[in-house]
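J.:
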Amino acid sequence: MSESRESSVAVNLIGLAKSFGPVTALAGLSIDVAAGELVALLGPSGCGKTTALRALAGLQDLDRGQILVNGRDVTNLNTNKRDMGMVFQAYSLFPHMTALENVEYGLRMRAHRTPAAQRRSRSSELLDLVGLASHANHFPHQMSGGQQQRIALARALAISPTVLLLDEPLSALDAKVRTQLRDEIRRIQLEVGTTTLFVTHDQEEALGVADRVGVMKMGVLEQIASPSELYERPRTAFVAEFVGLTNQLPGTVRDGMIELMGTKVPTLPGSIGSGAGIALVRPESILVEPSESGNARVITASFLGAIARVHLQTKDGASIIAQIPSSDAAEIGAGRNVTISLMSQPVFAKPA
Amino acid sequence: MLIVSVYLLTPLAAMLDFSTKIGRGKRGLYAWKAIFQQPDLISSIGVSLELAILVVLAVLLVVVPTVVWVHLKLPKLRRPLELICLLPLAFPAIVLVVGVSHTYNWISIHLSESPLTLTAIYLVLTLPYSYRSVAAALNSVDVHTLSEAARTLGASTGRVLFGIVMPTIRAGVMSAAVISIALVLGEYTIASLLNFQTMQVEINLVGQQDASIAVAVSLAALIFVFVLLVIIPTSTKRTKVLEPIES
């Protein structure tokens, strides 16, 4: 590959705003993406993540805001002048062209014509990169959904884009292909080093591929951080609840600690300062031990491979999900009494 | 399938049979040869073919771009456009003639007496069919995403339209053209009532003197359209195959 991280560019979205009639899609969204970075935008549908991506591509005009690519203002630049590669959620290969012609298409559209031989070799190189060199002469209808999306990725990368935009490229695919292609997208992105924005509503996908994940809600960024920080140190209740599973446990907050089931647990910044609160606790922070005189009862226990997920009901009727290693799950069957306790991981506490 | 073919082919066979009969069990191509001895008939066939070509051009240059443009850029106008395009179906030809006869009077006095002015009213007649086939083609693929993809890859509006959208809906455009040709070659009521000598009008006239010739011409016209229906779609199928590449 000719590109490297040195040639990649930074992207700055500054105060992007867009309304569709009464619906606000973007309410002053600002994100800085470093050169060569892969940032995932995560959020429920309608949070504005796709609008942000489309605005960056020039497919969506804005009410307000500025888009800088490599320091250059591209806010009013036409889509076809932006040099951004995009992979869409819907299959978007040109049906009347072969895989190779599809990949070549962007190069044929360049103002400075690339010689045919060079175009051909560049396109084959990219088909190779996505592992589909043998499918060069296939038409889109002769390929599976996963293969089509790979070709679409190759097509987007063929023009050596300044920025790679991925608009839920995996959501039309079945689960197994999705994980495979997700890992492959990351491998290829690291290899070519293109600055990439990846929009998805699937948290596992976002946490799995991104350098940083931005969680969006109602047109603004709630938090942008590395996957592990987002998971372990959510800054808002929305982020804590949206990313990963959480249990809601009532407790009393005092001096940066919350008392839950007899254990004092530190609270994360952004939590309430004092008084009655609800702690958002991860299933893996809950310890489960079999005990006849326990404080909870097992409703169901489901085996998920290396781990098992246990649905519990406490004596006072609250329902709790715990996640334990499968090896410990053997003696925890439905109907058993157990004692649950908490690990002292910091938790987010929202007002009760 | 078999029943349908029998149903459709029997009248054609009867036409062939009738047009090759020369009385008392004898057969010959007298009626078919006679076609070429009827200057009026020949010229009217020419007129109809010219009309067909003009209507197809109008469909390709006006209807298709309009439908595509509305589909891609003005989705709110899609329903009204559909309504307008389907409207001619609701009116019998005779009603249309009454409606446009004044206009055609004026046209023949002030502009031209040429039967080619029928192009305008024929274009209206073909609207429901040409609109439907183009719209169906547009709806069967995600043209919107395809053109957005092309734009991100650097294509200008023109190249999106002619390089991506048109090839994608080619089958629909082709059938719009073929159906228009068939419709124009077969139209009788309007031309006759407006006093234009098109092929069908002339066939009717000839038929009053010699039915065999009329049937022969009708059959020839039918076969012509049928051949178009078969040939055009298959001949425009993509045959280009790329050489395998070495990497």
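Chains A and B, in that order, give the protein sequences.
Sequential numbering from 1 applies to the first sequence in this note's numbering.
Sequential numbering from 1001 applies to the second sequence in this note's numbering.
The beta-carbon is built from N, C-alpha and C at its ideal position, and this holds for glycine as well.
1. Does the stretch 1123-1139 of chain B come into contact with the stretch 1085-1093 of chain B, if we say contact requires no fewer than three beta-carbon pairs (one atom in each stretch) closer than 8 angstroms?
2. At what residues does the beta strand (DSSP E) containing residue 315(A) begin and finish?
3. Apply the 10 Å Cβ neighbour rule to residue 1223(B) and answer buried if 16 or more other Cβ atoms are within range, or exposed otherwise.
4. Any chance the stretch 227-240 of chain A sits against the stretch 84-93 of chain A, with 3 or more Cβ pairs inside 8 angstroms?
5. Measuring CB to CB, does residue 311(A) end up less than 7 angstroms from residue 324(A)?
6. Give the interface partners of residue 1171(B) over in chain A, defined as CB-CB distance under 8 angstroms, in chain order.
7. Taking 7 angstroms as the threshold (beta carbon to beta carbon), is residue 1006(B) in contact with chain A?
8. Which of helix, strand or coil does DSSP assign to residue 270(A)?
9. Could you name the residues of the stretch 1148-1160 of chain B whose beta carbon sits closer than 8 angstroms to any beta carbon of chain E, in the order they occur along the chain?
10. Just to confirm, is the Cβ distance from residue 1124(B) to residue 1182(B) under 7 angstroms?
11. Identify the continuous alpha helix (DSSP H) that holds residue 1040(B) and give its terminal residues.
12. Can you list, in chain order, the stretches of the beta strand (DSSP E) that have 3 or more residues and sit fully within the stretch 74-144 of chain A?
13. Can at least three beta-carbon pairs, one atom from the stretch 114-121 of chain A and one from the stretch 56-65 of chain A, be found at a separation below 8 angstroms?
14. Would you give the residue range spanned by the beta strand (DSSP E) that residue 1160(B) belongs to?
15. To the nearest angstrom, report how far apart residue 1095(B) and residue 1172(B) are at their CA atoms.
16. By the 10 Å Cβ neighbour count, where 16 or more other Cβ atoms means buried, how is residue 51(A) classified, buried or exposed?
17. Straight-line CA distance for residue 1207(B) to residue 1215(B)?
18. Provide the residue span of the alpha helix (DSSP H) that contains residue 282(A), from first to last.
19. Could you tell me the distance, in whole angstroms, from the CA atom of residue 120(A) to the CA atom of residue 1150(B)?
20. For the putative contact between residue 309(A) and residue 290(A), defined by C-beta atoms under 8 angstroms, what is the C-beta separation to the nearest angstrom?
21. Within the continuous beta strand (DSSP E) that includes residue 248(A), where are the two ends?
22. Based on Cα-Cα distance, which residue from 1217(B), 1100(B) and 1132(B) lies nearest to residue 1122(B)?
23. Please report whether the beta-carbon of residue 1164(B) lies at a distance below 7 angstroms from any beta-carbon of chain A.
24. Does any C-beta atom of chain B lie closer than 7 angstroms to the C-beta of residue 59(A)?
25. Determine whether the Cβ of residue 1146(B) lies closer than 7 angstroms to any Cβ atom of chain A.
26. Residue 1141(B) versus chain A: which residues are under 8 angstroms apart at the beta carbon?
27. If contact is defined by three or more beta carbon pairs under 8 angstroms, each pair taking one atom from either stretch, is the stretch 99-112 of chain A in contact with the stretch 121-129 of chain A?
28. Please state if the CB of residue 25(A) and the CB of residue 48(A) are separated by a distance shorter than 7 angstroms.
29. Measure the Cβ-Cβ separation of residue 182(A) and residue 170(A) and say whether it is below 7 angstroms.
30. Could you check how far apart the C-beta atoms of residue 1022(B) and residue 1028(B) are, in whole angstroms? I think they sit under 8 angstroms.
31. Inspect the beta-carbon positions of residue 1184(B) and residue 1229(B) and report whether they are closer than 7 angstroms.
32. Who pairs with residue 308(A) in a beta bridge, going by DSSP?
33. CB of residue 137(A) to nearest heavy atom of the ligand MG: below 6 angstroms?
34. Would you list, in sequence order, the uninterrupted beta strand (DSSP E) runs of no fewer than 3 residues that lie entirely inside the stretch 154-239 of chain A?
35. 7 angstroms is my cut-off, CB to CB: does residue 145(A) come that close to chain B?
36. Going by the beta-carbon positions, is the gap between residue 195(A) and residue 163(A) smaller than 7 angstroms?
T.: Let me spell this out:
1. yes
2. Translated into positions along the first sequence, residue 315(A) becomes position 315. Careful: residue 315(A) lies outside any beta strand (DSSP E) and carries neither H nor E.
3. Start at 1 with the first residue of the second sequence, and residue 1223(B) comes out as number 223. Looking at its Cβ environment, which holds fewer than 16 other Cβ atoms inside 10 Å, residue 1223(B) is exposed.
4. no
5. Your numbering for residue 311(A) matches position 311 in the first sequence. Your numbering for residue 324(A) matches position 324 in the first sequence. No. Outside cutoff.
6. Here residue 1171(B) refers to the residue found at position 171 when the second sequence is read from its first residue. By Cβ distance, chain A contributes nothing, its closest Cβ being about 10 angstroms from residue 1171(B), past 8 angstroms.
7. Locating residue 1006(B) in the second sequence gives position 6, where the first residue counts as 1. Chain A, which has no Cβ nearer than 7 angstroms to the Cβ of residue 1006(B), makes this no.
8. To locate residue 270(A), count along the first sequence from 1; it is residue 270. DSSP places residue 270(A) in coil when its eight states are reduced to three.
9. In the structure shown, chain E does not exist; the protein chains are A and B.
10. Along the second sequence, one-based indexing puts residue 1124(B) at 124. Along the second sequence, one-based indexing puts residue 1182(B) at 182. No, these two residues do not count as a Cβ contact at 7 angstroms.
11. Here residue 1040(B) corresponds to residue number 40 of the second sequence, with the count starting at 1. Looking at the DSSP string, the run of the alpha helix (DSSP H) that includes residue 1040(B) is 1039-1058.
12. 84-87
13. no
14. Reading the second sequence from its first residue, position 160 is the one you call residue 1160(B). Here residue 1160(B) belongs to no beta strand (DSSP E), and DSSP marks it neither H nor E.
15. Here residue 1095(B) refers to the residue found at position 95 when the second sequence is read from its first residue. Here residue 1172(B) refers to the residue found at position 172 when the second sequence is read from its first residue. Taking the straight line from one Cα to the other gives about 29 angstroms.
16. Counting from one through the first sequence, the residue named residue 51(A) turns up at place 51. So residue 51(A) counts as buried.
17. Position 207 of the second sequence, counted from the start, is the residue given in the question as residue 1207(B). Position 215 of the second sequence, counted from the start, is the residue given in the question as residue 1215(B). Spanning the two alpha carbons is a distance of roughly 8 angstroms.
18. To locate residue 282(A), count along the first sequence from 1; it is residue 282. Per DSSP, residue 282(A) belongs to no alpha helix (DSSP H) and is neither H nor E.
19. Walking along the first sequence from the start, residue 120(A) turns up at place 120. Walking along the second sequence from the start, residue 1150(B) turns up at place 150. When rounded, the distance between both Cα atoms is 18 angstroms.
20. The residue you call residue 309(A) lines up with position 309 of the first sequence. The residue you call residue 290(A) lines up with position 290 of the first sequence. 17 angstroms between Cβ atoms; not a contact.
21. Residue mapping note: residue 248(A) aligns to position 248 of the first sequence, counting from 1. Taken as a continuous stretch (DSSP letters only), the beta strand (DSSP E) holding residue 248(A) covers 247-254.
22. Locating residue 1122(B) in the second sequence gives position 122, counting from the first residue. Of the listed residues, the one whose Cα sits closest to residue 1122(B) is 1100(B).
23. By one-based count along the second sequence, residue 1164(B) stands at place 164. Answer yes: the Cβ-Cβ gap between residue 1164(B) and chain A drops below 7 angstroms somewhere.
24. Mapped onto the first sequence, residue 59(A) falls at position 59. So, interface residue.
25. Translated into positions along the second sequence, residue 1146(B) becomes position 146. Output row for residue 1146(B): interface = yes.
26. As a working mapping, residue 1141(B) is identified with position 141 in the second sequence. 95, listed in chain order.
27. yes
28. Mapped onto the first sequence, residue 48(A) falls at position 48. Mapped onto the first sequence, residue 25(A) falls at position 25. Contact: yes.
29. Position 182 of the first sequence, counting from 1, holds the residue named residue 182(A). Position 170 of the first sequence, counting from 1, holds the residue named residue 170(A). Yes, they are a contact pair.
30. Taking the second sequence and counting its residues from 1, one reaches residue 1022(B) at position 22. Taking the second sequence and counting its residues from 1, one reaches residue 1028(B) at position 28. With 8 angstroms as the limit, residue 1022(B) and residue 1028(B) qualify as a contact, their Cβ atoms being about 5 angstroms apart.
31. Walking along the second sequence from the start, residue 1184(B) turns up at place 184. Walking along the second sequence from the start, residue 1229(B) turns up at place 229. Not closer than 7 angstroms, so no.
32. Here the question's residue 308(A) lines up with position 308 in the first sequence. According to DSSP, which records beta bridges pairwise, residue 308(A) is partnered with 303(A) and 324(A).
33. Only the bare structure without any ligand can be found here, which leaves the ligand MG out of the picture.
34. 163-167, 195-200, 212-217 and 220-225
35. Mapped onto the first sequence, residue 145(A) falls at position 145. Residue 145(A) does not count as touching chain B.
36. Mapped onto the first sequence, residue 195(A) falls at position 195. Mapped onto the first sequence, residue 163(A) falls at position 163. Going by C-beta atoms, residue 195(A) is nearer than 7 angstroms to residue 163(A).
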